[in-house]
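A.B. asks:
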DNA sequence: CCCAGTATAGGCAGTCACTGCCAGAAGGCA
DNA sequence: TGCCTTCTGGCAGTGACTGCCTATACTGGG
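This is how it looks when you write it as structure tokens:
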């Protein structure tokens, strides 16, 4: 992992840019804010914003944690219980979060689900990462089962996050992810009677 | 349903525009073709293309069948077995298709999964429609279970379609959708041992 | 058949996301 | 300190998408 001055300055700038972007998006709306305005607020050039984030949506989606993780998931995945591994990884991830990080995530989630274009970018992001992990964990990563599982899994987790948002962030997010994973595990047979005796 | 001359002309134009668009996209690549070129090939103005399809991605995603259906799904959904209803609707849908329609779908699917931006638009499209159906079918359409189910279902079906594409369209598409729905029904407990004795 | 009244297509100009290119500045390293 | 690599900023360009206005095509009634 790179720890030189350049890299640290870049991360600091990205944090500053994302902060400025979230402020402006919340204040004026995602579509009403031009990248130029974000760049001005963060005191960098528009060109740099694009170099760092690639797309406007990534200003919201980008998560600093993702920079670090060298896919601890892929390793766990070779085991017998991928969903369990996922559950544990998610639990640990949320548990390790401070209140500041959680607040940042809430801001980002609210923006994501209020703006279809951002949600679309997030879904795709999830598909790609998950497929990469699946490919790393299983050599036969192209079976129907794996494709369906990856897509359903990403969909399920994003559905849980969406519900977390819709419910005003009332409950800790892991609760929802946990329940979503349980649903995926058990299957959707007769969803109208989901809580048997 | 509108059946006036204007409406019929519009649909005819949309078919012509989509046909022209698919030809050009396959020939030169989605990103390399400007809307202006599509409009020229279909002999309409660029402004009209946007009025009809809204976005470039919709040129690929748009399905004429969707125009007609007044959501026969929503009605079936109130029953005890939504997945069964889905399965039956999908089966009937594919069965009613002629070879021409199937060929058209294959072209569109190939383009969709070759271009992330189109796939993203399709996912979102699926989410929205499914949520609308869910809301129409269930008054409490905002529970975690419904959100997770809708997202997982759309993801699962799109994963199946992706696999259909990856496998070179070798098997009839309903086979994959059927298996995907079965996976969703039964759940993903221990996906490494999916085919028990 | 014709005549309002309404809906629709085309043209124009503008905004903005995003990109390739080049010159200048700054970090890394001996 | 000085060279080399890497990164930032400015510039010009492409193309998706939109609002506005005019011309044209359809529609329903006489």
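Protein chains in written order, with the working numbering: chain B, 1 to 197; chain F, 1001 to 1197. The beta-carbon is built from N, C-alpha and C at its ideal position, and this holds for glycine as well.
1. Assign residue 46 of chain B to one of three DSSP states: helix, strand, or coil.
2. Less than 9 Å between CB atoms is the rule here; does residue 127 of chain B satisfy it with respect to chain F?
3. Mind checking the segment 42-55 of chain B against chain F and listing, in chain order, the residues whose C-beta falls within less than 8 Å of any C-beta there?
4. Quick check on the burial criterion: 16 or more other C-beta atoms within 10 angstroms. Buried or exposed for residue 7 of chain B?
5. Just tell me which of F:1156, F:1138, F:1185, F:1143 has its CA closest to the CA of residue 1078 of chain F.
6. Can you check which of these residues, F:1053, F:1017, F:1022, F:1058, is closest to residue 1039 of chain F by C-alpha distance?
7. Within a Cβ cutoff of 6 Å, which residues of the same chain sit near residue 105 of chain B, ignoring the five residues on either side of it in sequence?
8. Could you pull out every residue in the same chain whose Cβ sits closer than 6 Å to the Cβ of residue 115 of chain B, ignoring the five residues on either side in sequence?
9. By Cβ distance, which residues of its chain are closer than 6 Å to residue 181 of chain B, with the 5 residues on each side in sequence left out?
10. Along the chain, where does the alpha helix (DSSP H) that runs through residue 110 of chain B open and close?
11. Strictly under 9 Å for the Cβ-Cβ distance: is residue 35 of chain B near chain F by that measure?
12. For residue 1090 of chain F, count the other beta carbons within 10 Å of its own beta carbon; 16 or more makes it buried, fewer makes it exposed. Which is it?
13. Give the residues of chain F in contact with residue 160 of chain B, contact being defined as C-beta atoms less than 8 Å apart.
14. Below 9 Å between beta carbons: does that hold for residue 1057 of chain F and residue 1133 of chain F?
15. Quick check: residue 108 of chain B and residue 35 of chain B, are their CB atoms within less than 9 Å of each other?
16. State the Cα-Cα distance for the pair residue 1092 of chain F and residue 1004 of chain F, rounded to the nearest angstrom.
17. What does the alpha-carbon distance come out to for the pair residue 229 of chain B and residue 1019 of chain F?
18. Closest Cβ-Cβ distance between residue 1116 of chain F and chain B: below 9 Å?
19. Hey, out of F:1002, F:1156, F:1100, whose CA is closest to residue 1068 of chain F's CA?
20. My parser needs the beta strand (DSSP E) runs of 3 or more residues fully inside the segment 1010-1044 of chain F; what are they?
21. Following a CB-centred definition, is residue 187 of chain B positioned closer than 8 Å to any heavy atom of the ligand ADP?
22. Any chance the segment 1160-1169 of chain F sits against the segment 143-154 of chain B, with 3 or more Cβ pairs inside 8 Å?
23. Counting only beta-carbon atoms, is residue 1007 of chain F nearer than 9 Å to chain B?
24. So what's residue 1081 of chain F in DSSP terms, helix, strand or just coil?
25. Could you work out which residues of chain F lie near residue 95 of chain B, taking near to mean beta carbons separated by less than 7 Å?
26. Could you check how far apart the C-beta atoms of residue 1024 of chain F and residue 1037 of chain F are, in whole angstroms? I think they sit under 8 Å.
27. So, is the C-beta of residue 1121 of chain F closer than 9 Å to a C-beta in chain B?
28. Let's see if you can read the secondary structure: which residues bound the alpha helix (DSSP H) around residue 182 of chain B?
29. Could you check what DSSP says for residue 167 of chain B in three-state terms: helix, strand or coil?
30. Could you spell out where the alpha helix (DSSP H) holding residue 65 of chain B opens and where it closes?
31. So with CB distances below 8 Å, who are the chain B contacts of residue 1124 of chain F?
32. Using the rule of at least 16 other Cβ atoms within 10 Å of the residue's Cβ for burial, across every protein chain shown, is residue 1021 of chain F buried or exposed?
33. Can you grab the Cα-Cα spacing for the pair residue 113 of chain B / residue 178 of chain B, in whole Å?
34. Say whether chain B places a C-beta atom closer than 9 Å to the C-beta of residue 1183 of chain F.
C.D. replies: Per the coordinate set shown:
1. Within the first chain, the letter at position 46 stands for residue 46 of chain B. In the structure shown, residue 46 of chain B sits in a helix (DSSP, three-state: H, G or I).
2. As a first step, residue 127 of chain B must be located in the first chain, where it is residue number 127. Interface residue, yes.
3. none
4. The sequence position of residue 7 of chain B within the first chain is 7, counting from 1. Residue 7 of chain B should be labelled exposed.
5. Looking up residue 1078 of chain F in the second chain gives position 78. The shortest C-alpha separation from residue 1078 of chain F is found at F:1138.
6. In the second chain, counting from the first residue as 1, residue 1039 of chain F sits at position 39. The shortest C-alpha separation from residue 1039 of chain F is found at F:1017.
7. Here residue 105 of chain B refers to the residue found at position 105 when the first chain is read from its first residue. None.
8. Here the question's residue 115 of chain B lines up with position 115 in the first chain. Contacts found: 30.
9. Residue 181 of chain B sits at position 181 when you count from the first residue of the first chain. Once the five neighbours on either side are set aside, the close Cβ partners of residue 181 of chain B are 83, 87.
10. Position 110 of the first chain, counted from the first residue, corresponds to residue 110 of chain B. From DSSP, the alpha helix (DSSP H) with residue 110 of chain B extends over 99-114.
11. Your numbering for residue 35 of chain B matches position 35 in the first chain. Chain F contact via Cβ: absent.
12. On the second chain, position 90 is the one that residue 1090 of chain F refers to. By the 10 Å Cβ count, residue 1090 of chain F comes out buried.
13. Taking the first residue of the first chain as 1, we reach residue 160 of chain B at position 160. In chain order: 1144, 1147, 1148.
14. For the purposes of this step, residue 1057 of chain F is taken as the residue at position 57 of the second chain. For the purposes of this step, residue 1133 of chain F is taken as the residue at position 133 of the second chain. Cβ atoms of residue 1057 of chain F and residue 1133 of chain F: not closer than 9 Å.
15. Here residue 108 of chain B is taken as the residue at index 108 of the first chain, counted from 1. Here residue 35 of chain B is taken as the residue at index 35 of the first chain, counted from 1. No, they are not a contact pair.
16. Taking the first residue of the second chain as position 1, residue 1092 of chain F is located at position 92. Taking the first residue of the second chain as position 1, residue 1004 of chain F is located at position 4. Each residue's alpha carbon lies about 28 Å from the other.
17. The structure shown has nothing for residue 229 of chain B, since chain B only spans 1 to 197.
18. Taking the first residue of the second chain as 1, we reach residue 1116 of chain F at position 116. With 9 Å as the cut-off, residue 1116 of chain F counts as an interface residue toward chain B.
19. Looking up residue 1068 of chain F in the second chain gives position 68. Comparing Cα-Cα distances from residue 1068 of chain F to each of F:1002, F:1156, F:1100, the minimum goes to F:1002.
20. none
21. Annotation note on the ligand ADP: not contained in the displayed structure, which lists no ligands.
22. yes
23. Within the second chain, the letter at position 7 stands for residue 1007 of chain F. Output row for residue 1007 of chain F: interface = no.
24. Looking up residue 1081 of chain F in the second chain gives position 81. Three-state result, residue 1081 of chain F: coil.
25. Taking the first residue of the first chain as 1, we reach residue 95 of chain B at position 95. In chain order: nothing, as chain F lies at least about 21 Å away.
26. As a working note, residue 1024 of chain F is residue 24 in the second chain. As a working note, residue 1037 of chain F is residue 37 in the second chain. Between residue 1037 of chain F and residue 1024 of chain F the Cβ distance is about 6 Å, and since that is below 8 Å, they are a contact.
27. Taking the second chain and counting its residues from 1, one reaches residue 1121 of chain F at position 121. Closer than 9 Å: yes.
28. Within the first chain, the letter at position 182 stands for residue 182 of chain B. Segment 173-186, the alpha helix (DSSP H) holding residue 182 of chain B.
29. Working through the first chain from its first residue, we reach residue 167 of chain B at position 167. If DSSP states are grouped into helix, strand and coil, residue 167 of chain B belongs with coil.
30. Along the first chain, one-based indexing puts residue 65 of chain B at 65. That run of the alpha helix (DSSP H) goes 64-68.
31. The residue given as residue 1124 of chain F occupies position 124 in the second chain. In chain order: 116, 119, 120, 123.
32. Reading the second chain from its first residue, position 21 is the one you call residue 1021 of chain F. Buried, since its Cβ has 16 or more Cβ neighbours within 10 Å.
33. Your numbering for residue 113 of chain B matches position 113 in the first chain. Your numbering for residue 178 of chain B matches position 178 in the first chain. Spanning the two alpha carbons is a distance of roughly 20 Å.
34. In the second chain, counting from the first residue as 1, residue 1183 of chain F sits at position 183. Output row for residue 1183 of chain F: interface = yes.
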